[in-house]
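Report on the following structure.
Protein chains: 2
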Amino acid sequence: MNLKENNASLEGTRIIISGGGIGGVSAALALAQKGAAVELFEKSAEFREVGAGLQIGPHGWRMLEQWGVLDIAVNAGYLPKAIQFRDAVSGDDLLRLSFDEDFERHYGGRYLVIHRSDLLSILVDAARDAGAQLLNNVKVVDAATEHEGDCVKVKAEIKDQHGLRSVEAEVLLAFDGIHSTLRKKFISDQPVPSGYVAYRGTSSLAEDKGMSELEDVLGYIGPDCHFIQYPLRCGELLNQVGVFRSKNYFDAIDNGAVPEEWGTNKELSVAYKHCHQSVQSRVDYLWKDRWWKMSDREPLDNWKKGRIILLGDAAHPPLQYLASGAVMAMEDAACIADYAADYVAENGEVNWDHILDEVQAERIPRCTRIQTTGRFWGDLWHESGRARAIRNELFRAVSGTGWYKYADWLWRYDHRERAYVKNPDLGKMPEELKDIVGS
Amino acid sequence: MNLKENNASLEGTRIIISGGGIGGVSAALALAQKGAAVELFEKSAEFREVGAGLQIGPHGWRMLEQWGVLDIAVNAGYLPKAIQFRDAVSGDDLLRLSFDEDFERHYGGRYLVIHRSDLLSILVDAARDAGAQLLNNVKVVDAATEHEGDCVKVKAEIKDQHGLRSVEAEVLLAFDGIHSTLRKKFISDQPVPSGYVAYRGTSSLAEDKGMSELEDVLGYIGPDCHFIQYPLRCGELLNQVGVFRSKNYFDAIDNGAVPEEWGTNKELSVAYKHCHQSVQSRVDYLWKDRWWKMSDREPLDNWKKGRIILLGDAAHPPLQYLASGAVMAMEDAACIADYAADYVAENGEVNWDHILDEVQAERIPRCTRIQTTGRFWGDLWHESGRARAIRNELFRAVSGTGWYKYADWLWRYDHRERAYVKNPDLGKMPEELKDIVGS
Chain A
1 MNLKENNASL
11 EGTRIIISGG
21 GIGGVSAALA
31 LAQKGAAVEL
41 FEKSAEFREV
51 GAGLQIGPHG
61 WRMLEQWGVL
71 DIAVNAGYLP
81 KAIQFRDAVS
91 GDDLLRLSFD
101 EDFERHYGGR
111 YLVIHRSDLL
121 SILVDAARDA
131 GAQLLNNVKV
141 VDAATEHEGD
151 CVKVKAEIKD
161 QHGLRSVEAE
171 VLLAFDGIHS
181 TLRKKFISDQ
191 PVPSGYVAYR
201 GTSSLAEDKG
211 MSELEDVLGY
221 IGPDCHFIQY
231 PLRCGELLNQ
241 VGVFRSKNYF
251 DAIDNGAVPE
261 EWGTNKELSV
271 AYKHCHQSVQ
281 SRVDYLWKDR
291 WWKMSDREPL
301 DNWKKGRIIL
311 LGDAAHPPLQ
321 YLASGAVMAM
331 EDAACIADYA
341 ADYVAENGEV
351 NWDHILDEVQ
361 AERIPRCTRI
371 QTTGRFWGDL
381 WHESGRARAI
391 RNELFRAVSG
401 TGWYKYADWL
411 WRYDHRERAY
421 VKNPDLGKMP
431 EELKDIVGS
Chain B
1 MNLKENNASL
11 EGTRIIISGG
21 GIGGVSAALA
31 LAQKGAAVEL
41 FEKSAEFREV
51 GAGLQIGPHG
61 WRMLEQWGVL
71 DIAVNAGYLP
81 KAIQFRDAVS
91 GDDLLRLSFD
101 EDFERHYGGR
111 YLVIHRSDLL
121 SILVDAARDA
131 GAQLLNNVKV
141 VDAATEHEGD
151 CVKVKAEIKD
161 QHGLRSVEAE
171 VLLAFDGIHS
181 TLRKKFISDQ
191 PVPSGYVAYR
201 GTSSLAEDKG
211 MSELEDVLGY
221 IGPDCHFIQY
231 PLRCGELLNQ
241 VGVFRSKNYF
251 DAIDNGAVPE
261 EWGTNKELSV
271 AYKHCHQSVQ
281 SRVDYLWKDR
291 WWKMSDREPL
301 DNWKKGRIIL
311 LGDAAHPPLQ
321 YLASGAVMAM
331 EDAACIADYA
341 ADYVAENGEV
351 NWDHILDEVQ
361 AERIPRCTRI
371 QTTGRFWGDL
381 WHESGRARAI
391 RNELFRAVSG
401 TGWYKYADWL
411 WRYDHRERAY
421 VKNPDLGKMP
431 EELKDIVGS
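These protein sequences, in sequence, are chains A and B. In terms of full-length UniProt numbering, the first sequence opens at residue 1 and continues consecutively. In terms of full-length UniProt numbering, the second sequence opens at residue 1 and continues consecutively.
This is the structure:
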């Protein structure tokens, strides 16, 4: 398989990528397809993703298509028939959005769910086929932009089993995740804990009497918790995610303490007691040996320092509620490759200062909007009392294609339109939602 | 004008009505049209209604039509083009429901607004034309059902300028209002204060530069307050109602005290400070010499004691949020007249025990539903914070005919279908709204 494009316009351009998650590898693929000489450094011994299922909305679907890996991803994943929301307490149906022909026509893509490690493998193989160098056991520990006369380059310190050494490139993409090393060069901030914890689990779907008919992405939403279920791997596996508010976390915070341990199995054992039996009965299927404390970071208004740019979770880790964290990183990857190639096509040469400026002009407002909306979206899922009942009625009122109006900004996005470059205000929360976020 | 029906099936039946408000006079009209000998006693010196504008939804429209007073009521009132809700803080449009041909087809009637005293005058004239005796300065102070052999009658003590005397009839309808004297024979309950107070006012519309284009019923809803505006008297008058939460009331309650005075002008002067200028600027137009402390009562599960039945506000005073208090009393009036006539048509004689049982079997669940939903509806208008923003989005989502599904139970009601007799559960709040009411 040779995925390199005929129009290999970045031929000869040297690019370093720090981090071999979905975002970094996607960038390696997208840029190698444009002809760039890509070196990707991943500190782990192998390319793997923690977690289980991953949702790829139509905004991600179109990039998989563009990169030529859609068919193989679809074959490894699962195409749900719809997304459904139910009230976690009553079990009542609230909303169902069908991923049918109308959806595909409207969004230019379908909705795919796939095992994180399967998608990563597919992207790694494709990036290598396109000519990118992907190296394990190498960590980028530092980087700086250097000027030598008219020549600007980025020099990165990398560390592997042989020790430290330097590598040079025209640009460095820091896709090194929410705990990014390179972000520290920009700001000394910390992840913002949401106080919610996620448990995940996969189990055999075929033998699961209660669930074997499941064909949808099913989300139960309720006070202080939610629970997501969908098939994976052609329907062989059931993927489940239980997310709940940690009382231990908030109790400690309220007492002015830094919470020691939170989201433990003990908390899990009571987290769904107020929920419908169809949720409670599924808690046993979650893995108990590992849990994820959900955090994001405050949006950052600059991702670029010389020839270093933060991208993916290093730049804009969101909460998970819009199921778009991985797609955002893929959008970053597609955006930088396309904007660079567009620039070369127009000007006959590469100009990274200009390209990185354009990338962040597009991507910062887009990702800020997803980060802030993600927080709001989580709050909306976890409402209790009167707000919960009104939320339920709203969901019922817009069930079906009535939902499109809330999803269009997210799912119809195409970085090639440069919509946020043209109008950065698109990155702001809509006026009518500000009260929700602000209060 | 002779409004007596040809099918005067209640000929010779003697009926006493206590209270000459819209409900009592409607009952006098409806029963006199069926041929009954109606005596109505009103303690005041004249038939008049306190307050100003009154909204008559299509559920009331059809009764005015049935009683032959629709045209004269429409000529005295105003037919708004639509009902609109706006957010009281931002001033933003939330919802608009047009009273157009589709509305009229769907609900079998239009939406009328009319001055309370104009409607009462029209009903008084029509009731007298139909042969009812309507007497002022007479108060029904007590009543009891008496059995003499097979003969059952109700004996009422009435008091006028000459002192006390007794009158007899086959049945007594207690339409004596929220502070009903006769309700005390059933239960020793008290009105339930909502802690909200209403200011009203009418002013000349034509000279009112900011408002002269108004053709709709316009409601601003916001945290702890709302503000209603609509034209009256063929558009000559502007009717305004400002309702707000009295801090004095709730502060006193929180301190375990019985609030002395609440809802004063001083409270009014700050009640809309958080609202949009288009609301704040209208407060000056409200009457300051009088205000109404809004109360309802708990639903009662029996309205009938021998031959005495509580109806109208004496039986089921609602909060004003569904704008149906007067129509509920008109429904009671139409219901008792029609059920009595139906019984005679079927059985050749009147049987008041049976008829009153059927009336309350129909009316109690219907009115209970309006009372409980009215409380919920007020809470929904006055939401703040996140619940307000979700409510706004819900209103936007169902703007237009999407609203029908919430109004059908209220506005498509026809007592002749005996829907609540057949299914008393219709009187319960829908399952999905219980959480709102309960919390």
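All C-beta atoms, glycine included, are put in the ideal place defined by N, C-alpha and C.
Comparing alpha-carbon positions, the option among B/G325, B/A28 and B/G242 lying closest to B/L286 turns out to be B/G242. C-alpha of A/R391 to C-alpha of A/E383: approximately 8 Å in a straight line. At a beta-carbon threshold of 8 Å, the residues of chain B lying near A/I390 are L380, E383, A387, I390, R391, L394 and I436, ordered along the chain.
Across the segment 400–426 of chain B, CB contacts with chain A closer than 8 Å involve G402, in sequence order along the chain.
What B/V398 touches in chain A, judged by beta-carbon distance under 8 Å, is A397, going in chain order.
In terms of Cβ geometry, B/V38 and B/A28 form a close pair [threshold 8 Å]. In this chain, the beta strand (DSSP E) harbouring A/E39 covers A37 to F41.
When the five nearest sequence neighbours on each side are left out, the beta carbons in the same chain lying within less than 8 Å of the beta carbon of A/S281 are those of G210, in order along the chain.
By a beta-carbon distance limit of 8 Å, A/A340 does not contact A/I22. Their separation comes to about 20 Å. Cβ contact annotation for A/D93 (same chain, cutoff 6 Å, sequence separation greater than five): R86, in chain order. Excluding sequence positions up to five before and after A/L164, its CB lies within less than 8 Å of the CB of V141, E157 and I158, all in the same chain and listed in chain order. Here the C-alpha atom of B/N239 lies approximately 20 Å from the C-alpha atom of B/W61.
Linking A/L237 to A/K81 through their CA atoms gives a straight-line distance of about 16 Å.
Burial check for B/L380: the Cβ neighbour count within 10 Å reaches 16 or more, so the residue is buried. Exclusion of the five residues before and after A/G20 leaves L40, E42, F47 and L134 as the residues of its chain whose Cβ lies within less than 7 Å of its Cβ. Shown here for B/A36: same chain residues with a beta carbon closer than 6 Å to its own, the five before and five after excluded, namely L10, T13 and I15 in chain order. Collapsing the DSSP output to three states places A/W262 in coil.
Shown here, A/M328 sits in a helix according to DSSP, grouped into three states.
The residues S246, N248 and Y249, in chain order, have a CB closer than 6 Å to that of B/W262 in the same chain once the five nearest residues on each side in sequence are set aside. Contact annotation: B/F175 and B/L64 have beta-carbon atoms that are not nearer than 8 Å.
The alpha-carbon of A/D357 is positioned some 33 Å away from that of A/K293. Exclusion of the five residues before and after B/V421 leaves E358, A361 and E362 as the residues of its chain whose Cβ lies within less than 8 Å of its Cβ.
Boundaries cannot be given for B/L300, as no beta strand (DSSP E) includes it and DSSP labels it neither H nor E. Within the DSSP secondary-structure output, B/A174 pairs in a beta bridge with B/S18 and B/L310.
By the criterion of a C-beta distance shorter than 6 Å, A/W291 is surrounded in its chain by V197, Y199 and G263, once the five residues flanking it on both sides are discounted. Going by DSSP, B/K209 is part of no alpha helix (DSSP H) at all; its letter is neither H nor E. Within the same chain, Cβ atoms closer than 6 Å to the Cβ of B/I83 are found at L97 and V217, the five residues on either side in sequence being excluded. Put simply, the backbone Cα of A/E170 is about 55 Å away from that of B/H276. In the structure shown, B/G427 adopts helical secondary structure according to DSSP, grouped into three states. DSSP, reduced to helix, strand and coil, places B/E349 outside both helices and strands of the structure shown, so it counts as coil.
If you look at A/N239, you'll find it isn't in any alpha helix (DSSP H); it sits in the beta strand (DSSP E) that goes L237 to R245.
B/A387 and A/S295 have their alpha carbons spaced roughly 25 Å apart. Counting the other Cβ atoms within 10 Å of the Cβ of A/T401 gives fewer than 16, which makes it exposed. When secondary structure is reduced to three states using DSSP, A/A45 falls in the coil class, being assigned neither helix nor strand.
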